[in-house]
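One structure is given here, and the rest of the page talks about it.
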Amino acid sequence: VPAEVRAEVKICLTGCLPHVRLEWDQLREHDVIFLVRIEAPDEPFEGKVSELDVSEFPERFGVRALRGAEVTELLDEEGNVVSDPNPAERKTPVGDNRVLRVLLDPAQYHADLDSV
Numbered sequence: 001v002p003a004e005v006r007a008e009v010k011i012c013l014t015g016c017l018p019h020v021r022l023e024w025d026q027l028r029e030h031d032v033i034f035l036v037r038i039e040a041p042d043e044p045f046e047g048k049v050s051e052l053d054v055s056e057f058p059e060r061f062g063v064r065a066l067r068g069a070e071v072t073e074l075l076d077e078e079g080n081v082v083s084d085p086n087p088a089e090r091k092t093p094v095g096d097n098r099v100l101r102v103l104l105d106p107a108q109y110h111a112d113l114d115s116v
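In UniProt numbering, the protein residues as written are 1 to 116.
Spelled out as structure tokens, the structure:
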């Protein structure tokens, strides 16, 4: 099992409403995000989600994997760190693209590699 697993998550905020963009831009060190892998099911779900058992939801909606990640930094498209915890040091993000630098769970990462 590795001691640490670092990753970068690239996101594009083009077309996002201002309040959604603001939420992304407010991510700070130690915040947790969830990465979800979805594969569209062959048949669309036609029913009430509230009537599904919790165990049925992933299969019906194509959820194949869910992983947590801890934010270490948020950068704008020019590479400026915009997640500085000191409000006086924070910069206004440039552009629509962001890079989240994150830490992944090393044990889960190792298990995922073993299952491939």
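Even glycine gets a Cβ: it sits at the ideal position worked out from N, Cα and C.
Since residue i sits in a beta bridge, which residues does DSSP pair it with?
{"i": "A69", "result": "I33 and L104"}
{"i": "C12", "result": "N97"}
Relative to the C-alpha of residue i, which candidate in the options has its C-alpha closest?
{"i": "L100", "options": "S50, E70 and S55", "result": "E70"}
{"i": "R21", "options": "K10, A111 and D96", "result": "D96"}
{"i": "L35", "options": "A88, Y109 and V54", "result": "Y109"}
Is residue j closer than 9 Å to residue i when the C-beta atoms are compared?
{"i": "R64", "j": "E29", "result": "no"}
{"i": "R98", "j": "K10", "result": "yes"}
So, for residue i: in the same chain, excluding its five sequence neighbours on each side, which residues have a beta-carbon less than 7 Å away from its beta-carbon?
{"i": "V94", "result": "D76, E77, E78 and N80"}
{"i": "D31", "result": "V71"}
{"i": "L84", "result": "The question names Leu, but residue 84 is Asp in the sequence shown. Taken in chain order, the residues that qualify are R90."}
{"i": "L17", "result": "none"}
Do the stretch 40 to 50 and the stretch 74 to 89 touch if we need at least three Cβ pairs shorter than 8 Å?
In short, these stretches do not touch, since the Cβ pair count stays below three.
Is it a yes or a no for the stretch 3 to 12 touching the stretch 101 to 109, going by three-plus beta-carbon pairs under 8 Å?
These segments touch.
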